[in-house]
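**Q**
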Amino acid sequence: MEALALSALNGLSYSLLLFLLASGLTLIFSLLGVLNFAHGGFYMLGAYLAWQSSQWLGFWGGLLLAPLGVAVVATGFEVGVLRRLRSQGHLPELLATFAFGVVLVEAARLLWGSGPVPYAIPASLQGALFALSGVDFPVYRGFVMATALAALALAWLLLWRTRAGLIVQAALTHAPMTSALGHDVRAVQTGVFAVGGALAGLAGAVGGPLLVTEPDMAAQMGALLFAVIIIGGLGSLRGALLGALLVGEVQTLAVAVNGSLADGLQRLGWNAPAAWPASDGILPSLLHLDLARAAPLLPYVMLVGVLALRPQGLTRALSRDDAL
1 MEALALSALN GLSYSLLLFL LASGLTLIFS LLGVLNFAHG GFYMLGAYLA
51 WQSSQWLGFW GGLLLAPLGV AVVATGFEVG VLRRLRSQGH LPELLATFAF
101 GVVLVEAARL LWGSGPVPYA IPASLQGALF ALSGVDFPVY RGFVMATALA
151 ALALAWLLLW RTRAGLIVQA ALTHAPMTSA LGHDVRAVQT GVFAVGGALA
201 GLAGAVGGPL LVTEPDMAAQ MGALLFAVII IGGLGSLRGA LLGALLVGEV
251 QTLAVAVNGS LADGLQRLGW NAPAAWPASD GILPSLLHLD LARAAPLLPY
301 VMLVGVLALR PQGLTRALSR DDAL
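Each residue of the sequence shown is one higher than the one before, starting from 1 at the first, in our numbering.
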């Protein structure tokens with residue numbers, strides 16, 4: 001039981017990292033109405049900028065500079081490209097974000113190579129935070145959880161407890177009226193895009209040492225990110241949180257359990273699947289497939305199921321509140 005609880009905590013740290021990344025994309029989609037396919041590239045760029053900055057300023061300097069650097073890149077892209085395409089509809093914007101994501105990945109390959117870089121956990125954050133049944137829970141995973149929660153709490157306070165946040169919400173729901181009151185809606189859109197990029201950069205800065213820092217991380221995390229927000233409900237921060245928790249915990253616990261569907265059916269009293277050789281066809285092979293091997297596939301199986309049964313996402317069944 002303790003081992004399962006520790007795996008659930010590991011899943012929670014991974015889920016909060018996913019939510020930190022997904023929240024930025026959700027903010028961008030809520031205000032601009034475009035799915036930012038470059039968001040995985042922003043995550044990758046944050047990891048690389050943090051690693052590169054850490055060579056000169058240490059880990060903490062890289063952690064501060066990476067979100068700022070990604071925010072600058074996001075601002076330049078929004079002002080220079082997306083703003084010019086906004087009057088053309090969402091399809092040109094979507095294609096532009098896809099192309100820019102590819103540009104970011106290929107630029108990373110040119111600058112830092114195709115292999116992983118040695119972005120390691122700093123000595124001050126190594127070791128065990130606590131132990132359950134002799135198994136350690138790493139300090140760094142606790143740091144990832146604390147960083148994600150602090151960043152998201154700050155974003156929530158800015159959005160719901162400041163005048164700037166009220167303007168952002170007004171621009172989301174009543175853009176013409178907000179503009180008529182003298183507020184620059186285009187500047188608000190640019191600011192939100194920059195904040196979304198900064199959140200992705202921060203996720204990359206803390207996620208790089210935990211996972212891996214390489215160009216392919218953009219595509220891997222980008223695909224997973226869209227599964228998260230679609231499962232939860234597009235444009236909903238509550239949905240992003242729910243989707244991140246489901247995806248993170250399912251993937252982590254699947255690796256921890258490392259059983260098969262046949263094992264589960266056997267525990268329930270049906271022994272027939274256990275007697276089927278795994279090589280006798282597709283169904284027996286699927287029944288004997290280890291969950292640990294299938295873990296990367298599970299979020300997308302969940303995605304297909306949600307799209308088939310509730311295309312609007314899970315949170316639409318729980319609340320009809322506004323997206324934010």
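The beta-carbon is built from N, C-alpha and C at its ideal position, and this holds for glycine as well.
Everything numeric in this text was worked out from a predicted model, so none of it was measured.
Less than 7 Å between the beta carbons of residue 63 and residue 227, yes or no?
**A** Cβ distance not < 7 Å, so residue 63 and residue 227 don't count as in contact.
**Q** Inspect the beta-carbon positions of residue 232 and residue 313 and report whether they are closer than 7 Å.
**A** Yes, the Cβ-Cβ distance between residue 232 and residue 313 is below 7 Å.
**Q** Give the straight-line distance between the Cα atoms of residue 136 and residue 128, rounded to the nearest whole angstrom.
**A** Cα-Cα distance, rounded: 5 Å.
**Q** Does the ligand NAD have even one heavy atom less than 6 Å from the beta-carbon of residue 129?
**A** With respect to the ligand NAD, the structure offers nothing, as it holds no ligand at all.
**Q** CB-CB under 6 Å to residue 248, same chain, minus the five flanking residues each way: which ones, in chain order?
**A** Result list for residue 248: 11, 14, 15, 18, in chain order.
**Q** Would you check if there are 3 or more beta carbon pairs closer than 8 Å linking the segment 114-130 to the segment 38-56?
**A** Yes: the two stretches touch, three or more of their Cβ pairs being nearer than 8 Å.
**Q** Checking 7 Å against the spacing of the C-beta atoms, do residue 93 and residue 193 come in under that value?
**A** No, these two residues do not count as a Cβ contact at 7 Å.
**Q** Nearest by alpha-carbon distance to residue 256: which of 290, 229, 40, 305 is it?
**A** Comparing Cα-Cα distances from residue 256 to each of 290, 229, 40, 305, the minimum goes to 290.
**Q** For residue 322, count the other beta carbons within 10 Å of its own beta carbon; 16 or more makes it buried, fewer makes it exposed. Which is it?
**A** Note that residue 322 scores 45 on pLDDT, short of 50, meaning its location in the model is unreliable; the coordinates nonetheless yield the value given after this. Flag for residue 322 reads exposed.
**Q** If the criterion is Cβ atoms closer than 7 Å, does the pair residue 47 and residue 198 meet it?
**A** No; because the gap between Cβ atoms is not below 7 Å, this pair is not in contact.
**Q** Please name the residue or residues paired with residue 135 in a DSSP beta bridge.
**A** Bridge partners of residue 135: 132.
**Q** So what does residue 184 bridge to, in DSSP terms?
**A** Bridge partners of residue 184: none, in fact.
**Q** Could you check the C-alpha separation between residue 56 and residue 146 for me, to the nearest Å?
**A** The straight-line gap from Cα to Cα measures roughly 25 Å.
**Q** Quick one: what's got a C-beta closer than 6 Å to residue 130's C-beta in the same chain, skipping five residues either side?
**A** Result list for residue 130: 137, in chain order.
**Q** Whole-angstrom Cβ separation of residue 148 and residue 31, contact assumed at under 8 Å?
**A** The pair is not a contact, with the Cβ atoms about 22 Å apart (cut-off 8 Å).
**Q** Buried or exposed: residue 214, going by 16 or more other Cβ atoms within 10 Å of its Cβ?
**A** The residue in question, residue 214, is buried, as its Cβ has 16 or more Cβ neighbours within 10 Å.
**Q** Quick check on DSSP: helix, strand or coil for residue 18?
**A** If DSSP states are grouped into helix, strand and coil, residue 18 belongs with the helices.
**Q** Would a C-beta distance cut-off of 7 Å place residue 85 and residue 96 closer than the cut-off?
**A** Contact: yes.
**Q** Mind checking residue 23: buried by the 16 CB within 10 Å criterion, or exposed?
**A** Buried, because 16 or more other Cβ atoms sit within 10 Å of the Cβ of residue 23.
**Q** For residue 292, which of 253, 162, 302 has the nearest alpha-carbon?
**A** Of the candidates 253, 162, 302, the one whose C-alpha sits nearest the C-alpha of residue 292 is 253.
**Q** In angstroms with no decimal places, state the Cα-to-Cα distance between residue 210 and residue 183.
**A** Computed Cα separation, rounded: 41 Å.
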